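Asker: Heads up: the protein sequence lines correspond to chains A and B, in order.
Take the first sequence: its letters are residues 27 to 533, numbered as in our numbering.
Take the second sequence: its letters are residues 10 to 425, numbered as in our numbering.
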Amino acid sequence: MSLPKHIYEELEAVVGARYISDRPYILAALRQPLPNIATPPQSPEAVLLPGSTAEVQAIVRICNKYKIKYIAVISSLIVFAYPSEPGTIILQLKRMNRIEEINAEDRYAVIEPGVRHGQLRTELMHLGLSYPVASVGPGGSVLSNFACASGDNHNEYGSSRTNRYICGVEWVLPSGELLRVGSLATDSGWFCADGPGPSLRGLIKGFTGQWGGMGVITRIAIGLDHWRGPAEMPTEGRSPSYKIRLPRDCHRIHIFKFPDLGKLERAMVEVGKAEIGFSVMKFFNASAALLATESANDFWDLWNSGLFQRELARPLYVYLATQSPEEMAYEEAVLMDIIGETGGEPVDASVQRIYEDNMDFYILVGFLQRVLRLGGAWAPAKLSGDSIHHMFEVARAIPEFMTEFIDKGMILNAPDNFMITPGEYGHFAHIELLFLWDRGHPDWANIGMNFMRRSQETDIGHGYHSSSPPRTGAMLQRLGPLYSNCHVWAERIKQAFDPNNVSNPMP
Amino acid sequence: MTQLADYRHTMESCNHCGQCKWLLGPKTRGWRFAEICPIHAQFHFDAYSGQGLINIARELLEGRLQYEPGLINLIYSCTTCGACDVNCKSVRDMEVLETILAMRAKCVEDGQGPLPAHREMAERIEKNHNIYGHDHAKRQDWLTDEIKVSAESPVAYFVGCSASYMHTDIARNTARILNACGVDFTVLGGAEYCCGNPLWQTGQREAAARQVEHNLAVMRERGIKTVITSCAECFGALRNIYPRYSEPDFEVRHIAEVARDALREGYLNFQRPVDLKVTYHDPCHLGRCSEPYVPWQGEIRAFGLHVPPKQWRRGTNGVYDAPREVLRAIPGLELREMTRNEENAYCCGAGGGVRSAFPEQARETALDRIEEAASTGAAAVVSACPFCRSNLEDALTAEAQSMKYFDLTELITRAI
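(1) Compare the C-beta of PHE367/B against all C-beta atoms of chain A and say whether one is closer than 8 Å.
(2) Is the segment 344-358 of chain B close to the segment 264-271 of chain A, with three or more CB pairs under 8 Å?
(3) Chain A partners of GLY39/B, CB-CB under 8 Å?
(4) Hey, quick one: how far does the beta strand (DSSP E) through GLU129/B stretch, first residue to last?
(5) Quick check for students: name the residue ranges of the alpha helix (DSSP H) that lie wholly in the segment 183-214 of chain B, counting only runs of 4 or more.
(6) Could you name the residues of the same chain whose beta carbon sits closer than 8 Å to that of ALA146/B, not counting the 5 residues immediately before and after it, in chain order?
(7) Could you check whether PRO282/B and THR235/B sit closer than 8 Å to each other, using their CB atoms as the reference points?
(8) Assuming GLY327/B and LEU295/B form a contact by the criterion Cβ under 8 Å, report the distance between their Cβ atoms to the nearest whole angstrom.
(9) Are LEU29/A and ALA72/A closer than 8 Å when you measure CB to CB?
(10) When the Cα atoms are used, what is the spatial distance from THR188/A to ARG245/A?
(11) Under a CB-based cut-off of 8 Å, is ALA311/B close to chain A?
(12) Can you pull the chain A neighbours of ASN139/B, defined as C-beta to C-beta under 7 Å?
(13) Kindly indicate which three-state DSSP category ASP178/A falls into: helix, strand or coil?
(14) Spatial neighbours of PHE367/B within its chain, please: CB distance less than 7 Å, with the 5 preceding and 5 following residues excluded, ordered by chain position.
(15) Look at ASN323/A and LEU314/B and say whether their C-beta atoms are less than 8 Å apart.
(16) Could you tell me the alpha carbon to alpha carbon distance between SER102/A and ARG147/A, rounded to whole angstroms?
(17) How far does the alpha helix (DSSP H) with MET362/A in it extend, from its first residue to its last?
(18) Would you mind reading off the limits of the beta strand (DSSP E) that contains GLN521/A?
(19) At a Cβ threshold of 8 Å, is ASP377/B touching chain A?
(20) Within 10 Å of its beta-carbon, does ALA247/A have 16 or more other beta-carbons around it, so buried, or fewer, so exposed?
(21) With distances taken from CA atoms, which of LEU338/A, ASN311/A, GLY370/A, CYS276/A is nearest TYR345/A?
(22) What is the rounded straight-line gap between the Cα of ASP48/A and the Cα of LEU400/A?
(23) In angstroms, rounded to a whole number, what distance separates the CA positions of ALA388/B and ALA218/B?
(24) Could you give the uninterrupted runs of the alpha helix (DSSP H) lying entirely in the segment 29-84 of chain B, keeping only those of 4 residues or more?
(25) So who's on the other strand from TRP463/A, going by DSSP bridges?
(26) Applying the criterion that 16 or more other CB atoms from any shown protein chain within 10 Å of the CB defines a buried residue, is GLY303/A buried or exposed?
(27) Does the distance from the CB of THR211/B to the CB of GLY61/B come in under 8 Å?
(28) In terms of alpha-carbon separation, which member of ASP55/B, HIS223/B, THR37/B, ASP330/B lies closest to HIS25/B?
(29) When you compare the CB of GLN370/B with every CB in chain A, is at least one pair closer than 8 Å?
(30) Between TRP31/B and ILE125/A, how many whole angstroms is the CB-CB distance? I'm expecting something under 8 Å.
(31) Pop quiz: TYR134/A and GLY208/A are said to be a contact at Cβ under 8 Å. What is the actual Cβ separation, rounded to whole angstroms?
(32) Beta carbons nearer than 8 Å to chain A: which residues of the segment 285-297 of chain B have them?
(33) Buried or exposed: which applies to VAL335/B, given that a residue is buried once 16 or more other Cβ atoms fall within 10 Å of its Cβ?
(34) Compute the beta-carbon to beta-carbon distance between SER413/A and SER492/A, rounded to the nearest angstrom, for a pair I have assumed lies under 8 Å.
(35) Using CA atoms only, rank isn't needed, just tell me which of PRO256/A, ASN311/A, GLU81/A is closest to GLU337/A.
The following block contains the structure:
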């Protein structure tokens, strides 16, 4: 099916001929055969590049008029960026790419969807400001990370998940109506998402949410933090071997290893209680090996050496960022006391040096896509948030379902490739389990879904709150009854806002 | 690995991460000058990017996409600058640029490419051995009496079409620099044909092979052990294309490297100041695309393991330092850096046959680059590629901009 000529012409009248296409070769770029999905990609019927909120509104109204489904995207990294059924058009918002305002005094920035992390983060560095950069790489859209996806990040401990940073929101509802949220609703500026005026942050991005299926966010303001580093990336060397070191007087990294998860958990809690550190986490070890190497072969050399399995199976990464050397001395002394009391010890110096030499790990995570370097399929499981203690309970149950997949050679043998990140100085935590499998495996098409299902059922069996936010109808139906029938409410909200079911249909 | 099907692993590995469109994080300095792909910056659709072209290549290979004029135009809108390739390879084991070039070769094999402008260029090269169709007998007319050239030397200055006919000052200045450095060199004169790079970049591989094989035979016959170029395109061809046809038995050096070494060793001294603030534009084929080609044949096993191990060309070892060291050594000259530099340099817009097929597109990209150059506060942009020169100078003239363009060889000659 392609768009009827009169509908195409109506859309073309909105954006102009230069910014719309239904040519098969243009759409080929959006028929992305994702490495972890077996089914052939569904082609959109057309792609549009709107340049303003008014154009987005006009397009959405036309979609409602003709019951055309639309998906608004920026970088298209995740599966929800692609049509799940025929008759869908894609709105790429990349021309809407302005940083409209940086308010250093009130600490917020107003941005359009096409602004990328690499752009905003480095622009803010000049002003001594920052924000939690979601771990997606420098080309990821800031707005979609804040408004539509999970937004977990390496600095969550000293900041939070990105949805806590949303201030004013300009929102084209699924019907095309324009809604301004928070202080923006009463022309009071962008500074607050919770009023005066309606606060609808939970609808835009709740735990279940619609993953962008509630219209198009065209502008947001995000809260900003103080940046304790230099005004520019202190980059040395050339790709792919950049070194990015921050001044040691106020920026230090310590990585410790623990004999068991219990001791690691205690150390993480105690560091939070002491309110020291800027970033604290238990990081993935296979992903760490991928980030530290420059080719798949390099990875295999490192992984087969066993160094990262030995040193980083149960690590505590602590990044101390202080205002003064005296503060650094204090935080370091407290940290060492805690580590001594909880049974941790420093990792091999060669491992620690990797991070000291590339502190972009805490700035832009520019090499994040290296975790996909093995070229096969990948998926994250868990992705939920609760207390530190609960996330460690979840972690202890991982072998119950994961071991079988490893033993049968279905996934990479990396049982410790999970991350637990505390947020807001330990007041909550996030868990994420990344598993990789190869497309050469005869059952590769089913491995991902089977793994995630087993992970989910294990959590449900234990009564754990750790399963992925429901991103598909099937997952929503399974988990909804366990969460106060949130699936019923989610559906009702969706129907109320999007009666024609044209906005970002969930697969 | 030269056929499109050889790059199936690349085509199946892409996950649309966008790295091919954006400057690498460690090099980013702010909102402006953050895009790295000149066609994506201009046309915005994903199809105009490394990722999009890979998807197109896959669908063409699998017969799911049919040729049509718009598709051929899109495929040839790419400047083959390799920025997508270097950026992708900072995080992935993929061959983005090789896939794009193999797709162009497939278009030619299928009788769908190249574009008329490229076909005409190939005809001119076939007939007159240069891209302009000028009289081959005049290829050495740039040479003046003051320049000392040996009839026989194992060191050859490979002049290239552009310096032979269009920018003859580059040829003369290069020869003067070699004289000043005390380098005993020869020129190939009428035996020198087009390097073949413009043919290779436009997918005309059989025609490119004829140029390469001719030049290789001449160099063997003349006992050439070192080839010096003043043209980035020729340099890139000799290092990256020629080894695909024959094991190289000569060293390839750019005049910037020769001058740098002569400065270090005291054979060259800069006497005269050049009071100028300049910024250096890294030509794609002198920088990221100039790493020597290393053939690889093997198997890609589970989880990306390459057997035998593959030596990747990631742009790390292009010629970046030599021109900068030379410029910094010129008294009175101040060198300022653009945000997109070295392996992350932004293309001037001329490459891959774009300037001949789509001059407006090439000019728009050049203007973007000039804006970046001006943002450094420099009064002039310096480079080491006659094709970059043509494109940047034309854009400067058309827009009546005050910024000047200098070839590296001109500033060196002024300072000697």
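Even for Gly, the Cβ is constructed at its ideal location relative to N, Cα and C.
Computed from a predicted model, the values in this text were never measured in an experiment.
Answerer: The answer reads as follows:
(1) no
(2) yes
(3) GLN145, THR148, GLU149, HIS152
(4) Taken as a continuous stretch (DSSP letters only), GLU129/B belongs to no beta strand (DSSP E), being part of the alpha helix (DSSP H) at 125-137.
(5) 206-210
(6) GLY199
(7) no
(8) 7 Å
(9) yes
(10) 15 Å
(11) yes
(12) Here the premise fails: no neighbours, minimum Cβ distance about 34 Å.
(13) coil
(14) SER86
(15) yes
(16) 20 Å
(17) 351-368
(18) Segment 512-523 is the alpha helix (DSSP H) holding GLN521/A; no beta strand (DSSP E) there.
(19) no
(20) buried
(21) CYS276/A
(22) 34 Å
(23) 41 Å
(24) 47-52, 59-70, 78-84
(25) ALA403/A
(26) buried
(27) no
(28) ASP55/B
(29) no
(30) Rounded, the Cβ-Cβ distance is 15 Å, inconsistent with contact.
(31) TYR134/A to GLY208/A, Cβ: 11 Å. No contact.
(32) none
(33) buried
(34) So it is not a contact: roughly 11 Å between Cβ atoms.
(35) ASN311/A
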